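Enquirer: One structure follows; several queries about it will come next.
Residue numbers (the working numbering): 8 to 286.
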């Protein structure tokens, strides 16, 4: 049994909160640059150039790549051979508070959805915990801005839904979103599970490396189909019209009930962020 102190978790979460907000995951910048090269609209090509210039400015000044530094979403894979010395959830929330306050990141969380009083330290975080074999903890911090989050949707299809129905739902979601999620967007799609697992799958899909397609050919082809459909909408970067509206679509799937076929779409903006570390 390996012991990990709660303070270690706090330190790692604090560091990841800052890191995730200051730079994009590996490959995202290159994807945006590639979109600028392939974009047919001169206006959108210029907008994509401005986006990469913003990334350079953020790196030079050491400031967040987006003013909406998001609600902290934490994915924690905890090894079954790990003993945590202290309160795990409290350690995570202390890390979020430290990262956001000391890192001078925008505090965007209200303690109650209707009373709307800011918590003052961007806590509590959204924490998804999973027990896995081993003696390590993998922590992924995925700050989620709400310009894109607000454009997300979930639909409880029945098994009679066709492949075309599912693709159309995803494309329709992007169409309804328009410029609101700050395109070019990234799209996470969850298929299967039940109501809440489906949404979680879509969120996790946003954290998958953009260069990795779904290992099942059926879903890899659906990813390409959905991406093509979204890019035919002509929304373009920041809604100025163009050939690149989405950078990529990731699908995660899970077993489901014989009577159901839930589909969730979690929208991400062009600064869909995450950072991870293994303790």
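Even glycine gets a Cβ: it sits at the ideal position worked out from N, Cα and C. Treat the numbers as computed from the prediction; the structure is a model and nothing was measured.
1. Quick one: measure Cβ to Cβ for residue 129 and residue 148, integer angstroms, because I've assumed they're closer than 8 Å.
2. Hey, quick one: how far does the alpha helix (DSSP H) through residue 174 stretch, first residue to last?
3. In three-state terms, what does DSSP make of residue 9?
4. Closest Cβ-Cβ distance between residue 96 and chain E: below 7 Å?
5. For the beta strand (DSSP E) that residue 269 lies in, which residues bound it at each end?
6. Using 7 Å as the threshold, is the C-beta distance between residue 251 and residue 46 below it?
7. Straight-line CA distance for residue 68 to residue 281?
8. Which residue from 182, 266, 225 and 261 puts its Cα closest to that of residue 236?
9. Helix, strand or coil for residue 211, going by three-state DSSP, please let me know.
10. Would the beta-carbon of residue 151 fall within 7 Å of that of residue 78?
11. Which of the three DSSP states, helix, strand or coil, is assigned to residue 222?
12. Helix, strand or coil for residue 233, going by three-state DSSP, please let me know.
13. Compute the distance between the beta-carbons of residue 268 and residue 168, then report whether it is under 7 Å.
Expert: So, from the data block:
1. Incorrect: roughly 12 Å between the Cβ atoms, too far for contact.
2. 170-184
3. strand
4. Considering every chain present, this structure includes no chain E. It has just one protein chain.
5. 268-275
6. yes
7. 20 Å
8. 182
9. helix
10. yes
11. coil
12. helix
13. yes
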